[in-house]
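Heads up: the structure comes next, in structure tokens.
Chains as they are written, first to last, in the numbering used here: chain A, 2 to 461; chain B, 118 to 162.
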């Protein structure tokens with residue numbers, strides 16, 4: 002018999018059908034079970050009866066043999082006793098006040114050679130003056146990161162923009178400076194470059210490979226989809242120009258890569274874009290919803306029925322690839338169910354302003370790349386002063402899973418970490434108030450990703 | 118007959134020796150940039 006008192010069922014256990022199976026996620030332990038129809042009905046009845054064990058058995062006995070109901074009840078009790086079903090939330094309370102900074106988004110160029118309609122960065126300059134980061138600011142950014150990293154060894158720097166290749170010489174210089182720091186300390190820099198690919202050439206590609214720089218290559222999918230919004234300043238599409246460069250870059254074998262696209266209200270059938278990208282021979286990809294306040298192309302509530310169906314379809318597509326012996330990594334579906342992040346990581350989510358900051362070409366500091374240009378959220382300037390405006394930072398530090406009432410009652414909380422602060426802010430004007438559209442998308446992705454993982458494990 | 122098959126055993130790390138080492142990747146730093154996920158990050162510890 003399972004005995005629970007004041008148990009928050011929706012927050013702590015999630016039972017859902019997905020295609021051909023019933024799945025039960027025990028939120029607090031991370032255990033995942035596949036159950037048959039009877040067990041699904043028993044668990045659902047137990048939840049509906051708010052933990053009345055015998056009532057749940059009686060409900061099931063009306064439709065099934067008592068002996069079978071007993072079997073299920075005993076199995077469920079055994080799992081409860083060993084802590085893998087209806088387990089209790091015992092989240093450790095961690096003080097993040099003195100958290101180290103370990104990642105920087107370096108906006109090395111607030112200019113862009115493209116004019117993508119949906120760009121959250123206002124076509125590259127974030128609504129600020131067009132500018133390029135200087136070598137000095139780049140060096141100072143790395144020094145700032147090291148100074149604030151405390152004992153953390155692995156530091157991350159993403160060259161971002163605008164288009165970072167418009168400031169390529171400075172990118173190289175910053176990498177070389179990072180290597181110099183590594184040689185004289187115990188720090189290790191993991192560099193990433195996010196690019197629209199237009200300026201990628203042999204020399205740049207070879208350098209990225211030689212220096213073990215991860216690359217994020219932008220492509221939205223089918224040519225007509227990509228060229229609808231990913232355009233040059235003259236309106237011309239970019240697909241045909243960038244595709245050979247993407248192929249070449251991947252052929253050269255960078256330490257890691259992702260092809261990253263954006264989907265909008267105009268291509269809610271984005272599975273076809275995933276299919277297209279995979280058909281191009283690309284095995285690591287991510288398609289992200291368009292975001293941004295006042296962005297007409299961003300996904301809306303009325304789009305959700307189709308978006309949610311599409312995420313389900315995507316799981317089946319990825320399973321199909323797996324069954325064909327093809328390993329395709331879709332960023333959001335690569336959940337590590339067995340060896341995922343610790344609870345501290347799960348409590349703090351994306352880490353914006355806690356472990357991660359964005360730096361503009363002028364040295365201004367923001368909580369993340371999406372807040373750039375929102376002066377209320379400027380934390381200081383690395384060229385003027387190393388100190389961070391503590392009030393803003395504390396606001397983010399205090400904004401964890403444990404402090405968001407809505408998140409504490411959501412079964413998906415340990416997979417999203419409380420959602421994107423920027424999405425919350427731009428949607429609700431409050432970093433602590435989850436954005437419902439993003440939450441619904443996230444929950445569906447988690448359901449689909451768990452299904453995909455289970456199917457890979459339980460079927461040949 | 119088994120009605121419940123446990124495919125993933127309890128796995129969330131909550132003991133103090135294994136949490137908050139802070140050496141893991143920062144989630145929004147990689148291929149995401151606009152919609153957060155932490156479940157796909159791997160622990161280095």
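No residue lacks a Cβ here, since even glycine has one placed at the ideal position from N, Cα and C. Note that the structure is predicted; figures quoted are calculated from it, not measured.
{"Query": "Is the beta carbon of residue 46 of chain A closer than 7 Å to that of residue 23 of chain A?", "Result": "no"}
{"Query": "Quick one: complete beta strand (DSSP E) runs, 3+ long, within the region 170-235 of chain A?", "Result": "189-196 and 215-219"}
{"Query": "Would a check of beta-carbon distances place residue 222 of chain A closer than 7 Å to chain B?", "Result": "no"}
{"Query": "I'd like to confirm something about residue 207 of chain A: is its beta-carbon nearer than 6 Å to some heavy atom of the ligand GDP, or not?", "Result": "Because no ligand of any kind appears in the structure shown, any question about the ligand GDP cannot be addressed here."}
{"Query": "Answer yes or no: do residue 419 of chain A and residue 405 of chain A have a C-beta to C-beta separation smaller than 7 Å?", "Result": "yes"}
{"Query": "Taking residue 102 of chain A as the reference, which of A/153, A/349 and A/11 has the closest Cα?", "Result": "A/153"}
{"Query": "Please list the terminal residues of the continuous alpha helix (DSSP H) segment that includes residue 386 of chain A.", "Result": "Neither: residue 386 of chain A is in no alpha helix (DSSP H) and is coded neither H nor E."}
{"Query": "DSSP puts residue 27 of chain A in a beta bridge; with which residues?", "Result": "A/14"}
{"Query": "Could you tell me the alpha carbon to alpha carbon distance between residue 116 of chain A and residue 383 of chain A, rounded to whole angstroms?", "Result": "29 Å"}
{"Query": "Where DSSP assigns a beta bridge to residue 108 of chain A, which residues make up the other side?", "Result": "A/161"}
{"Query": "Under DSSP, the alpha helix (DSSP H) around residue 439 of chain A begins and ends at which residues?", "Result": "437-459"}
{"Query": "Could you check whether residue 263 of chain A and residue 228 of chain A sit closer than 7 Å to each other, using their CB atoms as the reference points?", "Result": "no"}
{"Query": "At 7 Å on the CB atoms, spell out the chain B contacts of residue 266 of chain A, in chain order.", "Result": "In chain order: nothing, as chain B lies at least about 15 Å away."}
{"Query": "Using the Cα positions of residue 255 of chain A and residue 184 of chain A, report the straight-line distance between them to the nearest angstrom.", "Result": "22 Å"}
{"Query": "If you pair each beta-carbon of the region 372-381 of chain A with each one of the region 437-448 of chain A, do three or more pairs fall below 8 Å?", "Result": "no"}
{"Query": "Using a Cβ-Cβ cutoff of less than 6 Å, which residues in the same chain neighbour residue 175 of chain A once the five nearest sequence positions on both sides are dropped?", "Result": "139"}
{"Query": "Bridge partners for residue 51 of chain A per DSSP, in chain order?", "Result": "None, per the DSSP bridge assignment."}
{"Query": "Return the first residue and the last residue of the alpha helix (DSSP H) that residue 344 of chain A is part of.", "Result": "344-349"}
{"Query": "So if DSSP puts residue 122 of chain B in a beta bridge, which residue, or which two residues, is it bridged to?", "Result": "A/35"}
{"Query": "Give me the subset of the region 340-365 of chain A whose CB atoms are less than 7 Å from a CB atom of chain B, sorted by chain position.", "Result": "340, 341, 342, 343, 344, 345, 346, 347, 350, 351, 352, 353, 356 and 357"}
{"Query": "List the residues of chain B that residue 108 of chain A touches, going by C-beta distances under 9 Å, in chain order.", "Result": "Near residue 108 of chain A there are no residues of chain B at all, since even the closest Cβ is about 12 Å away, more than 9 Å."}
{"Query": "Compare the C-alpha of residue 150 of chain B against each of A/161, A/312 and A/190 and name the closest.", "Result": "A/161"}
{"Query": "Quick check: the region 90-109 of chain A against the region 340-355 of chain A, are there 3 or more CB pairs under 8 Å?", "Result": "yes"}
{"Query": "DSSP on residue 368 of chain A, reduced to helix/strand/coil?", "Result": "coil"}
{"Query": "Rounded to the nearest angstrom, how far is the Cβ of residue 106 of chain A from that of residue 144 of chain A, given a contact under 8 Å?", "Result": "The Cβ separation is near 17 Å, so there is no contact."}
{"Query": "Using the beta-carbon count (16 or more within 10 Å), is residue 325 of chain A buried or exposed?", "Result": "exposed"}
{"Query": "Tell me whether the beta-carbon of residue 109 of chain A lies closer than 7 Å to the beta-carbon of residue 131 of chain A.", "Result": "no"}
{"Query": "Any Cβ of chain B within less than 7 Å of the Cβ of residue 155 of chain A?", "Result": "yes"}
{"Query": "Using a Cβ-Cβ distance cut-off of 7 Å, determine whether residue 385 of chain A contacts chain B.", "Result": "no"}
{"Query": "If we cut at 7 Å on Cβ distances, does residue 417 of chain A have a partner in chain B?", "Result": "yes"}
{"Query": "Output needed for residue 140 of chain B: all residues of its chain with C-beta closer than 6 Å, excluding positions within five of it in sequence on either side, in chain order.", "Result": "161"}
{"Query": "Starting from residue 357 of chain A and walking both ways along the alpha helix (DSSP H), at which residues does that stretch end?", "Result": "Here residue 357 of chain A belongs to no alpha helix (DSSP H); instead the beta strand (DSSP E) covers 357-360."}
{"Query": "Under 8 Å between beta-carbons, which chain B residues line up against residue 32 of chain A? List them in chain order, please.", "Result": "123, 125, 126, 127 and 128"}
{"Query": "Do we get a CB-CB distance below 7 Å when we pair residue 76 of chain A with the residues of chain B?", "Result": "yes"}
{"Query": "Under 7 Å, Cβ to Cβ, is there at least one residue of chain B near residue 85 of chain A?", "Result": "yes"}
{"Query": "Does the structure place the region 291-298 of chain A close enough to the region 265-274 of chain A that three or more beta carbon pairs sit under 8 Å?", "Result": "yes"}
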